[in-house]
Amino acid sequence: MAITYTSGEQVEVYRFSIPATVLVPLAALFLQAWLPLRFSFFTVFDLPLLVVIGFATARRNPLAGLVTGGLIGIVQDALTHQPIGLYGISKTVVGFGASSLGIKLDVENAGARFLLTIFFYVVHEIVYFLIARGLVGLHMAWSWPHEFLSGVANAVLGVLVFMLLDRLKQRT
Amino acid sequence: MDVLGRYRNLVVLVGVLFAQVLGLAVQVRRTTDNEPTRLIRIWAVGTVTPLERLLMWTQTSTGNLWHNYFYLRGVRAENRSLKAQIERMSLEQVRMSQDADQARRLQALLAFKEQFISQTMAAQVIGSSGSELSRSVYIDKGEHDGIKPDMAVITVDGIVGKVLRVYRSTSLVLLIDDQTSGVGSILDKTRLQGILRGTPSGELVLEKVMSDETVSPGELVLTSGGDGIFPKGLLVGRVTKASPGSELFLNIRVRPAADLSKLEEVLVVTKIDERQAQPDQTGAARAVDILAERLPGVPSKPETDKTAAPDAAKSAPEAATTVTTTKPATTKPVPTTTPTTAPATAPGTAAAKPAIPAIPDSSSKTKAPPPQVSVNGDTTPPRKTATSSSASSTAPSAGTAAIKTVSKPVKTATDPKPQPALEDNPH
């Protein structure tokens, strides 16, 4: 359960096949758009974010992480009626941060993934909040309990998503 | 170069973020209603929505197969219940139809212009934005189906939102509980108008209602038609809480009538007709006649004619002549000569051919019919004097009551200009 420090040489770097790289984010975006119609509570979750974190920590490449995060975020923005870039910027930051942290930490075990997901969920929400309020001028209310609980819910789901992603990743 | 190489990742991150912030700033500045849809949105929607349509089709087909062919338990009971409901609704429909006819006539008298939903298109909700901060849904109808931006989207329960973006075969609908949404609304009882807005938490708030007004929970909220998107009179929701808010306005919370979290099928209002209400050709044209029709126990017209005509003919032959030739239509000018020959102050100048039947007297069924007063060819029922014993001239109170109702045409008797019959309208 403990997060262990590992050196760069000890860290294993994974890659994903092209179909997985394309289809997994698409599936996440699709489910994120479709499931809230059936289960309204699902808006609490952010499946694309979980995929960004999963890819970033597995690849352990900050550039790949920020590009993946940025692209997924922009597509997610495109499905909303808000200006494009809100999710893009937030997920770029998360993708970069998760892959950078993935180099330094062992994120193979469920506990580490759980904590990592809560942390990056909150980071994502903070960045989104700041941009939405500061740049776009949206009226938003910040609630730490809500964000923390949402983070925990996402982390639970995240552990399951990461287990699925583990099946798709390939050693380099 | 070494510094750049060393911090390459960070430099790229800053570059990507800067580009996105720049793009965001440009969008925020240029946001207008006529902004063309960006290519990235078209690609994203074009990629995701086919999957949603496929899944929705599969789900609907499977559900239909199950419900229509296999799972028919309780259909008989439901059938009985529906039949009973139809009977109830039929009765209600008769009553409402009468009310609607009357409303149309009154609106015609007042020259109201109404907006009618003349065409709708059923659409299925196939997806959502997937974000708490963007309360919008996708429907399976788009440009090919004739959908256009700013069309109203409703359900049988109440309004849902408006079409925000239109793609080839799908459209994005902005829900009324989104914080960027605004709906012109009016409270049903108090007739107070305000703007219904969404909040970040997804609640609905009715804004711009002054704090010195009284609004009670449970009151219905309807569309006012002021936003130019929703026709007037559609159900929006119900007031759940009204409390003093900041500044001069009340803080009114509204629960939407339509369940916005469980939308499956909606109606897109594709055509709204604006037309002036036409009066019912078979009905009387004057407001007093319409109001008189509402009174209970009205006998049929021929009977009244028979009883009232001889008396009126005797007492005021000139008036009778005038009446038969000048029964006004809704917009027909009223001759100004009648009052001079048939003064309204005399109850005995009842019309030879009254336009409406007299009010029957509950206490004097065997007595003569109640008096009617004729002005400009029409009669008004002396409501408060139904118990008067004399029908011809011994009911001063009846005459007074009638005079009040028809005082305007009398006043215009000396006016050489023709006055429309609308002048009789107490409104």
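Protein sequences appear in the order of chains A and B. Residue numbers for the first sequence follow the working numbering, beginning at 254 and rising by one. Residue numbers for the second sequence follow the working numbering, beginning at 1365 and rising by one. Note that beta-carbon positions come from the ideal geometry of N, C-alpha and C, so glycine has one too. Since the structure is predicted, the reported quantities are computational estimates derived from the model, not experimental observations.
Decide if Met1515 (chain B) is buried, meaning its Cβ has at least 16 other Cβ atoms within 10 Å, or exposed.
The residue given as residue 1515 (chain B) occupies position 151 in the second sequence. Answer is buried; the Cβ neighbour count reaches 16.
Same chain, Cβ closer than 8 Å to Gly1506 (chain B), five either side skipped, listed in chain order:
Counted from its first residue, the second sequence places residue 1506 (chain B) at position 142. Same-chain partners within the cutoff: Val1530, Tyr1531, Arg1532, Ser1533, Thr1534, Ser1535.
Would you kindly work out how many angstroms separate the C-alpha atoms of Lys1605 (chain B) and Glu1571 (chain B), rounded to a whole number?
As a working mapping, residue 1605 (chain B) is identified with position 241 in the second sequence. As a working mapping, residue 1571 (chain B) is identified with position 207 in the second sequence. Within the model, the alpha-carbon separation for Lys1605 (chain B) versus Glu1571 (chain B) is close to 13 Å.
Cα-Cα separation between Val1378 (chain B) and Val1385 (chain B), rounded to whole angstroms
Residue mapping note: residue 1378 (chain B) aligns to position 14 of the second sequence, counting from 1. Residue mapping note: residue 1385 (chain B) aligns to position 21 of the second sequence, counting from 1. In this structure, the CA atom of Val1378 (chain B) is about 10 Å from the CA atom of Val1385 (chain B).
Counting only beta-carbon atoms, is Ala1487 (chain B) nearer than 8 Å to chain A?
For the purposes of this step, residue 1487 (chain B) is taken as residue 123 along the second sequence, with counting starting at 1. Closer than 8 Å: no.
Count the other CB atoms, across all protein chains shown, that sit within 10 Å of the CB of Gln1483 (chain B); report buried if there are 16 or more and exposed otherwise.
The residue you call residue 1483 (chain B) lines up with position 119 of the second sequence. Exposed, by the Cβ-count rule.
For Lys1526 (chain B), the first and last residue of its enclosing beta strand (DSSP E)
Numbered from 1 along the second sequence, position 162 holds the residue referred to as residue 1526 (chain B). First-last of the beta strand (DSSP E) with Lys1526 (chain B): 1523-1530.
Going by DSSP, what residues sit across from Met1574 (chain B) in a beta bridge?
The residue labelled residue 1574 (chain B) in the question sits at position 210 within the second sequence. Note: Met1574 (chain B) is bridge-paired with B:Phe1613 in the DSSP secondary-structure output.
Return no unless some Cβ of chain B is closer than 8 Å to the Cβ of Val275 (chain A).
The sequence position of residue 275 (chain A) within the first sequence is 22, counting from 1. Not closer than 8 Å to any Cβ of chain B, the Cβ of Val275 (chain A) fails to qualify, so no.
Gly1582 (chain B) versus Asn1443 (chain B) - alpha carbon distance:
Start at 1 with the first residue of the second sequence, and residue 1582 (chain B) comes out as number 218. Start at 1 with the first residue of the second sequence, and residue 1443 (chain B) comes out as number 79. C-alpha of Gly1582 (chain B) to C-alpha of Asn1443 (chain B): approximately 33 Å in a straight line.
In chain B, what lies closer than 7 Å to Trp397 (chain A) by C-beta?
In the first sequence, residue 397 (chain A) corresponds to position 144, counting from 1. Result: empty, since nearest Cβ-Cβ is about 15 Å, beyond 7 Å.
Let me confirm a value: Lys422 (chain A) is counted as buried when at least 16 other C-beta atoms fall within 10 Å, else exposed. Which label applies?
Translated into positions along the first sequence, residue 422 (chain A) becomes position 169. Per the 10 Å Cβ criterion, buried.
For a contact meaning CB atoms closer than 9 Å, what does Ile1404 (chain B) contact in chain A?
Taking the first residue of the second sequence as 1, we reach residue 1404 (chain B) at position 40. For Ile1404 (chain B), the neighbours in chain A by C-beta distance under 9 Å run, in chain order, Ile327, Val328, Asp330, Ala331, Ile337.
Check whether the Cβ atoms of Ala286 (chain A) and Ser1545 (chain B) sit closer than 8 Å, and answer yes or no.
For the purposes of this step, residue 286 (chain A) is taken as residue 33 along the first sequence, with counting starting at 1. For the purposes of this step, residue 1545 (chain B) is taken as residue 181 along the second sequence, with counting starting at 1. Contact flag unset, no.
Determine the burial state of Thr1424 (chain B): buried for a count of at least 16 other Cβ atoms within 10 Å of its Cβ, exposed for fewer.
By 1-based counting over the second sequence, the position of residue 1424 (chain B) is 60. Flag for Thr1424 (chain B) reads exposed.
Quick one: which chain B residues come within Cβ less than 8 Å of Val214 (chain A)?
There is no way to answer for residue 214 (chain A), as the model of chain A reaches only from 254 to 425.
Evaluate Leu1374 (chain B) with the Cβ neighbour count: other Cβ atoms within 10 Å of its Cβ, from every protein chain shown; 16 or more gives buried, anything less gives exposed.
Residue mapping note: residue 1374 (chain B) aligns to position 10 of the second sequence, counting from 1. Exposed.
Would you please verify whether the beta carbon of His377 (chain A) is less than 8 Å from any beta carbon of chain B?
By 1-based counting over the first sequence, the position of residue 377 (chain A) is 124. For His377 (chain A), no CB of chain B lies under 8 Å from its own CB, so it is not counted at the interface with that chain.
C-beta neighbour in chain B for Ala286 (chain A), strict 8 Å
Position 33 of the first sequence, counted from the first residue, corresponds to residue 286 (chain A). Any Cβ of chain B closer than 8 Å to the Cβ of Ala286 (chain A) would place that residue at the interface, and such an atom is present.
Could you work out which residues of chain B lie near Ala394 (chain A), taking near to mean beta carbons separated by less than 9 Å?
Taking the first sequence and counting its residues from 1, one reaches residue 394 (chain A) at position 141. Result: Thr1563, Pro1564, Ser1565.
Among the residues of its own chain, which have a CB less than 7 Å from the CB of Phe373 (chain A), if the five just before and after it don't count?
By one-based count along the first sequence, residue 373 (chain A) stands at place 120. Ile306, Val347, Gly350, Ala351, listed in sequence order.
Any contact between the region 351-362 of chain A and the region 301-321 of chain A? By contact I mean 3 or more CB pairs, one from each, below 8 Å.
Yes: at least three Cβ pairs fall under 8 Å.
For Lys1605 (chain B), which beta-bridge partners are listed by DSSP?
As a working note, residue 1605 (chain B) is residue 241 in the second sequence. Note: Lys1605 (chain B) sits in a beta bridge opposite B:Arg1617.
Can you grab the Cα-Cα spacing for the pair Leu1627 (chain B) / Val1489 (chain B), in whole Å?
Position 263 of the second sequence holds residue 1627 (chain B). Position 125 of the second sequence holds residue 1489 (chain B). Our two residues, Leu1627 (chain B) and Val1489 (chain B), have alpha carbons roughly 7 Å apart in a direct line.
Could you pull out every residue in the same chain whose Cβ sits closer than 7 Å to the Cβ of Gly1589 (chain B), ignoring the five residues on either side in sequence?
Taking the first residue of the second sequence as position 1, residue 1589 (chain B) is located at position 225. Once the five neighbours on either side are set aside, the close Cβ partners of Gly1589 (chain B) are Gln1479, Gly1548, Pro1595, Lys1596.
contact_flag[the region 383-397 of chain A, the region 277-291 of chain A] where n(CB pairs < 8 Å) is 3 or more
Counting Cβ pairs under 8 Å, fewer than three are found: no touch.
For Ile342 (chain A), return the contacting residues in chain B, with the cut-off set at a CB-CB distance below 8 Å.
As a first step, residue 342 (chain A) is located in the first sequence; it is residue number 89 there, counting from the start. Annotation: Cβ neighbours of Ile342 (chain A) in chain B (cutoff 8 Å, chain order): Leu1381, Gln1384, Val1385, Leu1388.
For Asn1373 (chain B), go through chain A and note every residue whose CB falls closer than 7 Å to its CB, in chain order.
Your numbering for residue 1373 (chain B) matches position 9 in the second sequence. Here the neighbours are Pro315, Leu316.
Go to Val1517 (chain B), then tell me how far its beta strand (DSSP E) extends in each direction, as first and last residue.
The count along the second sequence starts at 1 and reaches residue 1517 (chain B) at position 153. Run containing Val1517 (chain B): 1516-1518, per the beta strand (DSSP E) assignment.
Leaving out five residues on either side along the sequence, give the residues of the same chain with a beta carbon under 7 Å from the beta carbon of Asp1509 (chain B).
Start at 1 with the first residue of the second sequence, and residue 1509 (chain B) comes out as number 145. Counting only Cβ-Cβ distances below 7 Å, and skipping sequence neighbours, we find Met1485.
Using CA coordinates, which residue listed in B:Lys1553, B:Val1632, B:Arg1393 is at the minimum distance from Tyr1502 (chain B)?
Stepping through the second sequence from its first residue, residue 1502 (chain B) is reached at position 138. Shortest Cα-Cα distance from Tyr1502 (chain B) to any of B:Lys1553, B:Val1632, B:Arg1393 involves B:Val1632.
State the beta-bridge partners of Arg424 (chain A) as determined by DSSP.
Numbered from 1 along the first sequence, position 171 holds the residue referred to as residue 424 (chain A). Residue pairing for Arg424 (chain A): DSSP places it in a beta bridge opposite A:Tyr267.
Does DSSP classify Lys344 (chain A) as helix, strand or coil?
Within the first sequence, the letter at position 91 stands for residue 344 (chain A). Lys344 (chain A): helix per DSSP, three-state reduction.
Given Gly1601 (chain B) as reference, the closest of B:Ile1593, B:Ser1445, B:Val1520 once Cα atoms are compared:
Against the second sequence, residue 1601 (chain B) aligns to sequence position 237. Of the candidates B:Ile1593, B:Ser1445, B:Val1520, the one whose C-alpha sits nearest the C-alpha of Gly1601 (chain B) is B:Val1520.
Counting only beta-carbon atoms, is Pro272 (chain A) nearer than 8 Å to chain B?
On the first sequence, residue 272 (chain A) is found 19 positions in, with the first residue counted as 1. With a threshold of 8 Å between beta carbons, Pro272 (chain A) makes no contact with chain B.
Own chain partners of Gly1410 (chain B) with C-beta closer than 8 Å, once the 5 adjacent residues on each side are dropped:
For the purposes of this step, residue 1410 (chain B) is identified with residue 46 of the second sequence, where counting begins at 1. Residues Tyr1531, Arg1532 of the same chain have their beta carbon placed closer than 8 Å to that of Gly1410 (chain B), with the five preceding and five following residues left out of the count.
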